[in-house]
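There are 2 protein chains.
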Amino acid sequence: MKLRPPSYLVLGMLRIGLRSGYEIKRGADRSTKHFWPMSLAQVYPELARLEEAGLITGRDDPHGARARRAYAITDEGNEALLDWLRDSHDEPPQVRDERLVRLFFADALPRDDQIALVRRLRESHEAEVTRIQEEVMPISSAAEEAGTIFPHALARLSSDIFSTIAGALDELETRLSDESA
Amino acid sequence: MKLRPPSYLVLGMLRIGLRSGYEIKRGADRSTKHFWPMSLAQVYPELARLEEAGLITGRDDPHGARARRAYAITDEGNEALLDWLRDSHDEPPQVRDERLVRLFFADALPRDDQIALVRRLRESHEAEVTRIQEEVMPISSAAEEAGTIFPHALARLSSDIFSTIAGALDELETRLSDESA
DNA sequence: GTGTGCATGTAAGGAGTTACATGATTGC
DNA sequence: GCAATCATGTAACTCCTTACATGCACAC
Chain F
703 MKLRPPSYLV LGMLRIGLRS GYEIKRGADR STKHFWPMSL AQVYPELARL EEAGLITGRD
763 DPHGARARRA YAITDEGNEA LLDWLRDSHD EPPQVRDERL VRLFFADALP RDDQIALVRR
823 LRESHEAEVT RIQEEVMPIS SAAEEAGTIF PHALARLSSD IFSTIAGALD ELETRLSDES
883 A
Chain G
703 MKLRPPSYLV LGMLRIGLRS GYEIKRGADR STKHFWPMSL AQVYPELARL EEAGLITGRD
763 DPHGARARRA YAITDEGNEA LLDWLRDSHD EPPQVRDERL VRLFFADALP RDDQIALVRR
823 LRESHEAEVT RIQEEVMPIS SAAEEAGTIF PHALARLSSD IFSTIAGALD ELETRLSDES
883 A
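Respectively, the protein sequence lines represent chains F and G. With the first sequence counted from 1, adding 702 to any position gets you our numbering. With the second sequence counted from 1, adding 702 to any position gets you our numbering.
Structure representation (structure tokens):
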């Protein structure tokens, strides 16, 4: 069976202790969403595929009358995950950000609109920094103290990236304002 | 007709003077690829759609015996582009970077493999900075001197982002090496 | 008792990629 | 003469999203 990044994402989430599909999705939204988004409609079939391949095992784990399945990674799954982590072959990263495409063509706009566009963009990146610091870092920081350091390193990295962008946009905004004054 | 970011990408490329589908694809690879990749198999149908909608016009423009079509943006196309540039509604940006997912789960690896992984990643980001500076910036810089400033601003932004990531990875690498020593 | 969150799945559709198919031009 | 690049398009496929369908648990 062919394993793709979403497979390893699920495998990895199970490894760090998340158990149900719903829980995996929630965890991924809080942590890996920024560099690999995943929807619930991907998680459930992926769990089925991985179980069929023997990389994970599932058992019923109802919560009262509410159905729930708890999965755990098997030795084979662990091995597959480690092989992938050591693998140096990567597909090229992909970014799709409509706002930056817009910015690329912003020369077509009058100066005022350019400034407004840049400001909006800066503000949204600043907001994202705040969101990461408030929602992601407290959790990843706790994990770091427990010896799991990479999630927090990634959270800091994300925050740094958004800060860098916000900073560059702030500079650009100032330049545009000065030139139009 | 519904216009999506690739439509505006094509429209924008025509606006800045690129004419054939092939030329648009080449230009996009050099400039907007980092925040919105596009394949030739998207460009040609998109050109047909835009022409049908009256946003661009195409004429045959053979080069010797080699067929070629030259497109130009119409007034309606220009208006649509400007409307989009002013529009503040964005779909959320999407990043898919397998390498960062790998890094997120790197706690599962022995220290040596962690260091190797971080180093590889840092090196590839440094290489990307170099690539942008050598291949993209000379062109965007020339455009900037001619009064088209945003492409160069975006090139600098891309370069800054990759530098930031490389810097953070370098720091992480040092930390991992120190702790294991 | 009501809304929010927990919980699992499927079906249909859309967006984008790879591979295929074809051929001319230019520089070495 | 040969390779790289220019040039246009289509078909099949993959991946992923949105919408649908269903129902329990818990806090207010």
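We put the beta carbon where it would ideally sit given N, CA and C, even for glycine.
I'd like the span of the beta strand (DSSP E) that includes residue i, first residue to last.
i: G719 of chain G; result: From DSSP, G719 of chain G is part of no beta strand (DSSP E); its letter is neither H nor E.
i: V797 of chain G; result: 796 to 798
Report the rounded CA-to-CA distance for residue i versus residue j, giving the unit in angstroms.
i: F806 of chain F; j: D731 of chain G; result: 13 Å
i: I841 of chain G; j: T876 of chain G; result: 36 Å
i: Q816 of chain G; j: E753 of chain G; result: 52 Å
i: L783 of chain G; j: G760 of chain G; result: 18 Å
i: L713 of chain G; j: S843 of chain G; result: 22 Å
i: A769 of chain G; j: A750 of chain G; result: 16 Å
i: E825 of chain F; j: H791 of chain G; result: 14 Å
i: A857 of chain G; j: E846 of chain G; result: 11 Å
i: Q835 of chain F; j: A855 of chain F; result: 12 Å
i: Y746 of chain F; j: D814 of chain F; result: 48 Å
i: P853 of chain G; j: P739 of chain F; result: 28 Å
i: T734 of chain G; j: R822 of chain G; result: 25 Å
i: L720 of chain F; j: E881 of chain G; result: 28 Å
i: A767 of chain G; j: S722 of chain G; result: 16 Å
i: L802 of chain G; j: V820 of chain G; result: 10 Å
i: D799 of chain F; j: P708 of chain F; result: 21 Å
i: V838 of chain G; j: R717 of chain F; result: 41 Å
i: T776 of chain F; j: G756 of chain F; result: 7 Å
i: F864 of chain G; j: D762 of chain G; result: 41 Å
i: R706 of chain G; j: A743 of chain F; result: 24 Å
i: H827 of chain F; j: R788 of chain F; result: 33 Å
i: E793 of chain G; j: H765 of chain F; result: 36 Å
i: S879 of chain G; j: A808 of chain G; result: 15 Å
i: D872 of chain G; j: D862 of chain G; result: 15 Å
i: A810 of chain F; j: E725 of chain F; result: 46 Å
i: V831 of chain G; j: P795 of chain F; result: 15 Å
i: P812 of chain G; j: A818 of chain G; result: 10 Å
i: G869 of chain G; j: F737 of chain G; result: 21 Å
i: R771 of chain F; j: M715 of chain F; result: 15 Å
Identify the residues that DSSP records as bridge partners of residue i: which are they?
i: Y773 of chain G; result: G:G760
What three-state label does DSSP hand residue i in the structure shown?
i: R768 of chain G; result: strand
i: A845 of chain G; result: helix
i: P707 of chain G; result: helix
i: W738 of chain G; result: coil
If you follow the alpha helix (DSSP H) that residue i is part of, which residue opens it and which one closes it?
i: R732 of chain F; result: 723 to 732
i: H854 of chain G; result: 852 to 882
i: P747 of chain G; result: 742 to 754
Alpha helix (DSSP H) runs wholly inside the segment 790 to 841 of chain F, at least 4 long, in chain order: List check, alpha helix (DSSP H) in window: 800 to 806, 813 to 833.
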